[in-house]
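Residue numbers (our numbering), protein chains in the order written: chain A, 2 to 139; chain B, 240 to 641.
Note that beta-carbon positions come from the ideal geometry of N, C-alpha and C, so glycine has one too.
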Amino acid sequence: MVSKKIMLRFPKEVSDKPFASNLSRKYDLTFNIMSAQIFPRKEGHLIIELMGDDKNFEDGIEYLKENGVEIQFIEDSIIRDEEKCYHCGFCLPVCPTKALVIDDRKTMKVELHKENCIACGYCVKVCPVKAIELSEFA
Amino acid sequence: MSEFKVKKTIEEINEKIKNGEAVVVNAEEMIDIVERKGIIEAAKQVDVVTTGTFGTMCSSGAFINFGHTKPKIKAAKVWLNDVEAYGAVAAVDAYIGASSVKKNDPLNAVHPGRFEYGGGHVIEDLIAHKKIKLVAEGYGTDCYPSKHIETEITINDLKEATLLNPRNAYQNYSVAINTTDKTIYTYMGVLKPKISNATYSSAGQMSPLMNDPFYLTIGIGTRIFLAGADGYVIYHGTQHNPNEERNRRGVPKTGAGALAVIGDMKQMSDRYIKGASILGYGVSLSVGIGVPIPILNEEMAFFTSVKDEEIDAYIYDYGYDYPLKIDNNYGLTNYKDLRSGEIVVGGKKVPATPLSSYCMALEIAEVLKQRIMDKKFYLTKPTQPLPQSKDYKPLKYVKNYL
Numbered sequence: 002m003v004s005k006k007i008m009l010r011f012p013k014e015v016s017d018k019p020f021a022s023n024l025s026r027k028y029d030l031t032f033n034i035m036s037a038q039i040f041p042r043k044e045g046h047l048i049i050e051l052m053g054d055d056k057n058f059e060d061g062i063e064y065l066k067e068n069g070v071e072i073q074f075i076e077d078s079i080i081r082d083e084e085k086c087y088h089c090g091f092c093l094p095v096c097p098t099k100a101l102v103i104d105d106r107k108t109m110k111v112e113l114h115k116e117n118c119i120a121c122g123y124c125v126k127v128c129p130v131k132a133i134e135l136s137e138f139a
Numbered sequence: 240m241s242e243f244k245v246k247k248t249i250e251e252i253n254e255k256i257k258n259g260e261a262v263v264v265n266a267e268e269m270i271d272i273v274e275r276k277g278i279i280e281a282a283k284q285v286d287v288v289t290t291g292t293f294g295t296m297c298s299s300g301a302f303i304n305f306g307h308t309k310p311k312i313k314a315a316k317v318w319l320n321d322v323e324a325y326g327a328v329a330a331v332d333a334y335i336g337a338s339s340v341k342k343n344d345p346l347n348a349v350h351p352g353r354f355e356y357g358g359g360h361v362i363e364d365l366i367a368h369k370k371i372k373l374v375a376e377g378y379g380t381d382c383y384p385s386k387h388i389e390t391e392i393t394i395n396d397l398k399e400a401t402l403l404n405p406r407n408a409y410q411n412y413s414v415a416i417n418t419t420d421k422t423i424y425t426y427m428g429v430l431k432p433k434i435s436n437a438t439y440s441s442a443g444q445m446s447p448l449m450n451d452p453f454y455l456t457i458g459i460g461t462r463i464f465l466a467g468a469d470g471y472v473i474y475h476g477t478q479h480n481p482n483e484e485r486n487r488r489g490v491p492k493t494g495a496g497a498l499a500v501i502g503d504m505k506q507m508s509d510r511y512i513k514g515a516s517i518l519g520y521g522v523s524l525s526v527g528i529g530v531p532i533p534i535l536n537e538e539m540a541f542f543t544s545v546k547d548e549e550i551d552a553y554i555y556d557y558g559y560d561y562p563l564k565i566d567n568n569y570g571l572t573n574y575k576d577l578r579s580g581e582i583v584v585g586g587k588k589v590p591a592t593p594l595s596s597y598c599m600a601l602e603i604a605e606v607l608k609q610r611i612m613d614k615k616f617y618l619t620k621p622t623q624p625l626p627q628s629k630d631y632k633p634l635k636y637v638k639n640y641l
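Structural data, given as structure tokens:
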């Protein structure tokens, strides 16, 4: 089993195709839509959590790529500058998915669990020392 | 002071430091020592307890003197990286306040404002030896004819760069909630509607004034760790209020005492001082402070063994009561519960998160401990105590508590 949060970018030529539905019907994958946007020039963004069997997951991703959909794993796009972060905790109340949490109550360090991130960007705005970046996001 | 069973002086402790014999522990370690040995044995064994705190402290700023230009200027208005400094002091002196915002910052025009750069960042950049654009304007006098200068400087070009913070290291602080039905953006962070979260801003058991709640050893002249350098307590902090309500351990239940501090920025490190942008609120400065507490007697061993569960804090509504200055609170919690990540407010479980860095507080206490053990840092006897609490009598709280 694999479960990952992915950002899909649709060029305008393919933004009218039912990719998400096909991922479910043809590849037996489960998806959960976290954010969907279509822009005036018809290109689209979709953030989904995609879950399923390893092989199906790989095939599903391949299917999307073959059809011109650009893929970005969310966990690769969030970056925290560990030099800047001083573990103040300002980011904790705004993170909706527990990607930013305190695991160790002795040190009170703020941990970043990239696999939980949905790239909402709230922490980027809240961080007082601008330690968090979301790369390549519009 | 004759009622104490253990008696030490600052001079004796400094002699031990000099001989490499001083026993120095941090405030967290002291809890265990007192628990195992009791206050009398702990006081005999331990000479110094180091404390620390690292959080945003808006009441901070820096005096700079940028030296005379040719021809000279009486700089009435001064900007550093387009952030205005106060220039109405002598010709080339200026004070850059931590919360001064950059020219043309949109502020809260689009709420919540981002406040990307300000005085706190200028201070951090100076300490990090980054280049800073200096612009000054004068009206021209016979002795200072220049009316405008524009140049690039680093901290090395400054004659003096002195951090001078009117109110730091607050002894305890409010726990913030929001009872209204919309999200608010405050200096206590983002507070979600209908009491959906709580924030707090103290290092609790590590915090300097929590470990000397009656200011018995910390006073004017006390040498401290300030952002990596040696600094000094120069006065009580603005709003210092020693007569706040205290618990049975003598610790105030909300913001009470505070310190005004000073130190040489040229000796500081940007690891322990950081400009801060607080969403919807403004710019500020996160300051790292460490204070050594001499264990002069068993009462100081008692005070420095304070644990998070023994420090209470009142919960206040920042959505309605606080801005309107309504005297109301939502009960007490303590730092053990706050640190656990969940407190109870009016019967409801509410997630609690910090704003002050506990791990950096601990790091600062450790660095200070090492400096003392390395004979690089000696303790000082205050030249004058801070304004004292009416409530204090020697050993009163020890007897009450134990």
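Practice prompt. Along the alpha helix (DSSP H) that carries B:Met449, what are the first and last residues, could you check?
Written response: In the second sequence, residue 449 of chain B corresponds to position 210, counting from 1. It spans Pro447 to Asn450 - the alpha helix (DSSP H) in which B:Met449 sits, taken as one unbroken run.
Fill in: Assigned exposure category for B:His479 - 16 Cβ within 10 Å defines buried
Taking the second sequence and counting its residues from 1, the one referred to as residue 479 of chain B is at position 240. When all chains shown are included, B:His479 counts as buried.
Practice prompt. Leaving aside the five residues before and after A:Arg187 along the sequence, list all residues of the same chain whose C-beta is less than 7 Å from its C-beta, in chain order.
Written response: No information on residue 187 of chain A is available, as it lies outside the stretch 2 to 139 that chain A covers here.
Worksheet entry | Meets three-Cβ-pair contact criterion under 8 Å: the segment 464–473 of chain B and the segment 300–315 of chain B | no
Worksheet item: Which residues in the same chain have their Cβ closer than 6 Å to the Cβ of A:Ile79, if we skip the five residues on either side of it in sequence?
Response: Here the question's residue 79 of chain A lines up with position 78 in the first sequence. Closer than 6 Å at Cβ, skipping near neighbours: Lys115, Cys118 and Leu135.
Worksheet entry | Three CB pairs or more closer than 8 Å across the segment 431–449 of chain B and the segment 597–607 of chain B | yes
Worksheet item: How about B:Phe293: is its C-beta nearer than 9 Å to some C-beta of chain A?
Response: Walking along the second sequence from the start, residue 293 of chain B turns up at place 54. Output row for B:Phe293: interface = yes.
Fill in: Three-way DSSP call (helix, strand, coil) for B:Lys671 in this model
Nothing about residue 671 of chain B can be reported from this structure: the residues present for chain B run from 240 to 641 only.
Worksheet entry | Cutoff 9 Å: B:Arg216 Cβ touching any chain A Cβ | Residue 216 of chain B falls outside the range modelled here, since chain B spans only 240 to 641, and no answer is possible.
Discussion item. Using a Cβ distance threshold of 8 Å, determine whether the segment 250–261 of chain B contacts the segment 509–516 of chain B, with at least three qualifying pairs required.
Written reply: no
Practice prompt. Determine the DSSP secondary structure at B:Glu581, reduced to helix, strand or coil.
Written response: Residue mapping note: residue 581 of chain B aligns to position 342 of the second sequence, counting from 1. Three-state DSSP puts B:Glu581 in a strand.
Worksheet item: Which class does A:Ala139 belong to by DSSP, given the choice of helix, strand or coil?
Response: Here residue 139 of chain A corresponds to residue number 138 of the first sequence, with the count starting at 1. A caution first: A:Ala139 carries a pLDDT of 43, below 50, which makes its placement in the model too unreliable to give a value.
Discussion item. 9 Å is my cut-off, CB to CB: does B:Met599 come that close to chain A?
Written reply: Taking the first residue of the second sequence as position 1, residue 599 of chain B is located at position 360. Closer than 9 Å: yes.
Practice prompt. Could you check which residue in A:Lys18, A:Cys96 and A:Arg10 has the C-alpha nearest to that of A:Ile72?
Written response: Taking the first sequence and counting its residues from 1, the one referred to as residue 72 of chain A is at position 71. Ranking the options by Cα distance to A:Ile72, first place goes to A:Arg10.
Practice prompt. Below 8 Å on the Cβ atoms is my guess for B:Met449 versus B:Ile528; work out the distance and round it to an integer in Å.
Written response: For the purposes of this step, residue 449 of chain B is taken as the residue at position 210 of the second sequence. For the purposes of this step, residue 528 of chain B is taken as the residue at position 289 of the second sequence. About 13 Å; that fails the 8 Å criterion.
Item to complete: Please list the residues of the segment 510–525 of chain B that have a C-beta atom closer than 8 Å to any C-beta atom in chain A, keeping them in chain order.
Response: Lys513, Gly514, Ala515, Ser516, Ile517, Leu518, Ser523 and Ser525
Worksheet entry | Rounded straight-line distance, which links the Cα of B:Leu365 to that of B:Leu397 | Against the second sequence, residue 397 of chain B aligns to sequence position 158. Against the second sequence, residue 365 of chain B aligns to sequence position 126. Approximately 10 Å, taken between the alpha carbons.
Item to complete: Helix, strand or coil for B:Tyr424, going by three-state DSSP, please let me know.
Response: The residue you call residue 424 of chain B lines up with position 185 of the second sequence. If DSSP states are grouped into helix, strand and coil, B:Tyr424 belongs with the strands.
Practice prompt. For the segment 260–333 of chain B, list the alpha helix (DSSP H) runs that are entirely contained and at least 4 residues long, ordered along the chain.
Written response: Segments of the alpha helix (DSSP H) lying fully in the segment 260–333 of chain B: 266–284.
Worksheet item: Using a Cβ-Cβ distance under 9 Å, would A:Gly90 count as near chain B?
Response: Here residue 90 of chain A corresponds to residue number 89 of the first sequence, with the count starting at 1. The Cβ of A:Gly90 sits closer than 9 Å to at least one Cβ of chain B.
Discussion item. Quick check on B:Tyr559: buried or exposed, where buried means 16 or more other Cβ atoms within 10 Å of its Cβ?
Written reply: Mapped onto the second sequence, residue 559 of chain B falls at position 320. Exposed, because fewer than 16 other Cβ atoms sit within 10 Å of the Cβ of B:Tyr559.
Discussion item. So for B:Ile457, helix, strand or coil by DSSP?
Written reply: The residue labelled residue 457 of chain B in the question sits at position 218 within the second sequence. Three-state result, B:Ile457: coil.
Worksheet item: Does DSSP classify B:Asn644 as helix, strand or coil?
Response: There is no way to answer for residue 644 of chain B, as the model of chain B reaches only from 240 to 641.
Worksheet entry | 9 Å Cβ cutoff, B:Asn411 in contact with chain A | By 1-based counting over the second sequence, the position of residue 411 of chain B is 172. No, its Cβ sits nowhere closer than 9 Å to a Cβ of chain A.
Worksheet item: Are the C-beta atoms of A:Pro19 and some chain B residue less than 9 Å apart?
Response: In the first sequence, residue 19 of chain A corresponds to position 18, counting from 1. No - not a single Cβ of chain B is within 9 Å of the one on A:Pro19.
Worksheet entry | Chain-ordered chain A contacts of B:Thr438 [CB-CB under 9 Å] | For the purposes of this step, residue 438 of chain B is identified with residue 199 of the second sequence, where counting begins at 1. Here the neighbours are Gly90, Phe91, Leu93 and Pro94.
Worksheet entry | Cβ of A:Val70 within 9 Å of any chain B Cβ | Within the first sequence, the letter at position 69 stands for residue 70 of chain A. So, not an interface residue.
Fill in: Status (buried if at least 16 other CB within 10 Å, exposed otherwise) for B:Gln623
In the second sequence, residue 623 of chain B corresponds to position 384, counting from 1. Looking at its Cβ environment, which holds fewer than 16 other Cβ atoms inside 10 Å, B:Gln623 is exposed.
Discussion item. Suppose only complete runs of 4+ residues qualify. What are the alpha helix (DSSP H) ranges in the segment 514–597 of chain B, listed by chain order?
Written reply: For the segment 514–597 of chain B, whole alpha helix (DSSP H) runs of length 4 or above, ordered along the chain, are 537–543 and 574–579.
Worksheet item: With DSSP run on the structure shown, which of helix, strand or coil describes B:His360?
Response: Within the second sequence, residue 360 of chain B is the residue found at index 121, counting from 1. Correct three-state label for B:His360: helix.
Item to complete: Give me the Cα-Cα distance between B:Thr438 and B:Asn567, rounded to the nearest whole angstrom.
Response: Residue numbering aside, residue 438 of chain B sits at position 199 when the second sequence is read from its first letter. Residue numbering aside, residue 567 of chain B sits at position 328 when the second sequence is read from its first letter. So the alpha carbons of these two residues sit roughly 17 Å apart.
Discussion item. Less than 9 Å between CB atoms is the rule here; does B:Val322 satisfy it with respect to chain A?
Written reply: Reading the second sequence from its first residue, position 83 is the one you call residue 322 of chain B. With 9 Å as the cut-off, B:Val322 does not count as an interface residue toward chain A.
Worksheet entry | Rounded distance between the beta-carbons of B:Asp451 and B:Ile532, thought under 8 Å | The residue you call residue 532 of chain B lines up with position 293 of the second sequence. The residue you call residue 451 of chain B lines up with position 212 of the second sequence. Confirmed, about 5 Å.
Worksheet item: Using 8 Å as the Cβ pair cut-off and three pairs as the minimum, do the segment 285–303 of chain B and the segment 330–342 of chain B touch?
Response: yes
Worksheet entry | Bridge partner(s) assigned by DSSP for A:Ser4 | Residue numbering aside, residue 4 of chain A sits at position 3 when the first sequence is read from its first letter. According to DSSP, A:Ser4 bridges with A:Met52.
Item to complete: Examine chain A for any beta-carbon lying closer than 9 Å to the beta-carbon of B:Pro351, and answer yes or no.
Response: Here residue 351 of chain B is taken as the residue at index 112 of the second sequence, counted from 1. Closer than 9 Å to some Cβ of chain A, the Cβ of B:Pro351 qualifies, so yes.
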